[in-house]
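Numbering (our numbering), first residue to last: 29 to 323. Even for Gly, the Cβ is constructed at its ideal location relative to N, Cα and C. Given the structure is predicted, the values throughout are model-derived calculations rather than measurements. One structure below.
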Amino acid sequence: MVLRGYVPTSEETLQTLAALRLQSLNSDFSTHAPFPRLEELFPPHVLHARLPPPHRRPPTKCRGARLRAGLLAGGLWGQVLAKQRAERDQRLRGRLREEGASTMAAIVEKWKLLQGMGRPEAMAAYVALVREWPGFGSTLFDVDLRAVRPRWGRGSGQPWQRAALTPLSLQSPVGAGPQRLWLGIGAKAVSLYKPGEPEPLDSFCYGRISSFGASDSSTFRLSVEDRDLLFETSQVDEIAQLLNTYLTSAGARRLPRPQEPATRPPASDPTALPQGLCPTAGPWQHRPPVGSFHS
């Protein structure tokens, strides 16, 4: 979960987690201890994010200019461009090795500070740090939120709207296209996260989910009271099975069924929480390593 980038936190905390992992694997620091590869300790995407974005030339609009560019690319100029690309790739690989060495050195320094910490204690400290994220324990799926539609307008032929940004409400401004999100399915709620953000964009208690199902092999629909959310994902079956498992274990009074049609809006409940929101803890604050890590 950490190595796949599903625990949004600072690089400092990620380095501390890597040091705790080394302590749990090898005990105290030693130059003779086996070193795992960096990608087994630290999320690779963090290192790649430090690299400058590739330079892209603007597309040539003039047809004649495109033709001349094509002819040049097939000749001597094409060889020059290929050489430049190879040199740029080599520089990026060198920069990536430097970033990796710098990160590994920082991890080792933190590992040295853990001298005397037992393996069970290191594992407990590792889990305690990860548990600070409110989404800990949830299964995360990469999804594209494609559209949002008012649920009770479905019968009147009201069209789907493009997915709105945050918050996910009918009053939100209409976005330009699908949004890449994390769909987090936990024991108490379903949450939507912007990748890399620690706090959810929205959370839905299971009592507020009226139905769910697969529109096709790559489209999943989640109906939450007054709205339908349409997702594109390659894990439709896994999401549906996990949702059904949690709903069954939660013992909901009325289990949503895939493709169940909506008949009437839910009755108003003066004690109900605001739409779409579940009770959550306060904002996640990263606590720096404390003295208990030291011997």
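Rounded C-alpha distance that separates residue i from residue j
| i | j | result |
| --- | --- | --- |
| Glu227 | Pro162 | 7 Å |
| Arg78 | Arg65 | 19 Å |
| Ala129 | Val136 | 11 Å |
| Thr44 | Thr273 | 35 Å |
| Gly122 | Ser166 | 37 Å |
| Phe259 | Ala152 | 36 Å |
| Leu173 | Pro71 | 25 Å |
Status (buried if at least 16 other CB within 10 Å, exposed otherwise) for residue i
| i | result |
| --- | --- |
| Leu109 | exposed |
| Val176 | buried |
| Gln51 | buried |
| Lys140 | exposed |
| Lys111 | exposed |
| Thr88 | Low local confidence applies: a pLDDT of 49 at Thr88 is under 50, so the model's placement there is unreliable, and no value is given. |
| Thr59 | exposed |
| Asp244 | exposed |
| Asp265 | exposed |
| Ala150 | buried |
Top-ranked residue by Cα proximity to residue i, from the options
| i | options | result |
| --- | --- | --- |
| Ser239 | Ser246, Asp254 and Ser231 | Asp254 |
| Ala46 | Tyr34, Ala61, Glu67 and Pro36 | Glu67 |
| Ile267 | Arg32, Gln112, Val218 and Arg159 | Val218 |
| Val30 | Ile237, Gly241 and Gly224 | Gly224 |
| Thr247 | Gly235, Thr261, Leu257 and Tyr234 | Thr261 |
| Ile237 | Asp244, Pro206 and Ala278 | Ala278 |
| Gly342 | Ala215, Arg249, Gly144 and Lys222 | The structure shown does not extend to residue 342, since the chain is modelled only from 29 through 323, so no value can be given for it. |
| Thr131 | Val252, Arg249, Asp170 and Thr41 | Thr41 |
According to DSSP, residues forming a beta bridge with residue i
| i | result |
| --- | --- |
| Arg249 | Gly241 and Leu258 |
| Ala217 | Cys233 |
| Gly212 | Leu168 and Ser219 |
Open item on the list: For a minimum of 4 consecutive residues, which ranges assigned as the alpha helix (DSSP H) are wholly contained in the segment 115-181?
Closed with: For the segment 115-181, whole alpha helix (DSSP H) runs of length 4 or above, ordered along the chain, are 147-159.
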